[in-house]
Amino acid sequence: MANFENLSIRPVEKSDLPALREIARSTFADTFSDQNAASDMDKYLNDSFSLEKLAAEFETPGALFFFAETAGKVIGYLKVNWGAAQTESLPGKMLEIERIYVLSDYRGKKVGKALFEKALSIAQEKKRDGIWLGVWEKNTAALHFYRKNGFVEFGTHPFRLGDDEQTDLLMKMEI
Ligand SMILES: CC(C)(COP(=O)(O)OP(=O)(O)OC[C@H]1O[C@@H](n2cnc3c(N)ncnc32)[C@H](O)[C@@H]1OP(=O)(O)O)[C@@H](O)C(=O)NCCC(=O)NCCS
C-alpha cells in the first residue's frame, strides 16, 4: 500500500490530456536533465510530449494511461501497452510498462509501487504471461526499483534522446 491515506489510481480521460502533458514533461525533465544535453532534452520533450502525440497515443488500442492522485493533485502516471501497441514485439503475451513516473517531491513514498501494482493487475486481467520494460542503463534508481519489484534483465534496445543514441536495458518479470 502507498504511504498516502488518500492515494488513488485512476484511468486518464481525454479531458485530462493537458494535465498528462504537464506531468509527462515535468517528470521527464527532472529525471533526466542533469545527465543530458539541454538541446537533446528540448528536442525529446517537444517531439514526444506534444498534445497531438499524447492524444494519438491515448487513442491507440492497447495503450492505457493512469494517474496517481492525492487530494485532487496528479503526482504520478503510468502508461502500459499490450498487443500491437507495444514498442517491441516480444514472444508470448506480454504487457509493456512504457512509462512510470512520480513527481520528485513524492518519490520514495510507494506511489511508484502503487502504479506498478496497477500494471500488474491489468496484466493479470488480460491474462498476460509477463510484464516487460526498457530502462536507461544509467537510471540506477529506477533499475533498483524494478529489481526490487521482481524484474530481471534480458537484453538491450536503442533509445534516441534528441540526437543522442542511448542504450536501454530490457527487463521482464513472469506472472
Ligand atoms: C522509479 C519511480 C517510478 C519509483 O517510484 P517511487 O514512488 O519513488 O518508489 P517507491 O516508493 O514505490 O519504491 C521505493 C524504491 O524506489 C526506488 N527509488 C527510485 N527513485 C527514488 C527516489 N528518488 N527516492 C526514493 N526511492 C527511489 C528505490 O529503489 C526505493 O527502494 P528502497 O526503499 O530500497 O531505497 C520514481 O522514483 C520515479 O518517478 N523516478 C523518476 C522517473 C523514472 O526514472 N522512471 C522510470 C523510467 S524507466
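Okay, so the sequence shown: first residue is 9 according to the numbering used here, each after it adds one. All C-beta atoms, glycine included, are put in the ideal place defined by N, C-alpha and C. Remember, predicted model here, so these are calculated numbers, not experimental data.
To which residues of the same chain is residue i closer than 7 Å at the C-beta, ignoring the five residues directly before and after it?
i: A63; result: L25
i: F153; result: G120
From the DSSP output, which residues share a beta bridge with residue i?
i: H165; result: D176
i: P19; result: F74
i: R107; result: K87
i: M181; result: I139
i: K81; result: T78
Do you know offhand how far residue i's Cα is from residue j's?
i: L59; j: I108; result: 19 Å
i: I139; j: M102; result: 6 Å
i: N147; j: K22; result: 31 Å
i: K61; j: E133; result: 27 Å
Grab me the residues of residue i's own chain with a C-beta within less than 6 Å of its C-beta, minus the 5 sequence neighbours each way, in chain order.
i: G91; result: G70
i: Y52; result: L169, G170
i: S34; result: none
Return yes when the C-beta of residue i is under 7 Å from any heavy atom of ligand 1, and no when it is not.
i: Y109; result: yes
i: N54; result: no
i: G100; result: no
What residue does the beta strand (DSSP E) around residue i start on, and which one ends it?
i: A71; result: 71 to 78
I'd like to know if residue i contacts chain C, where contact means its C-beta is closer than 8 Å to some C-beta of that chain.
i: F162; result: You won't find chain C in this structure, because it holds only one protein chain.
Name the two residues that bound the continuous alpha helix (DSSP H) containing residue i.
i: G120; result: 119 to 133
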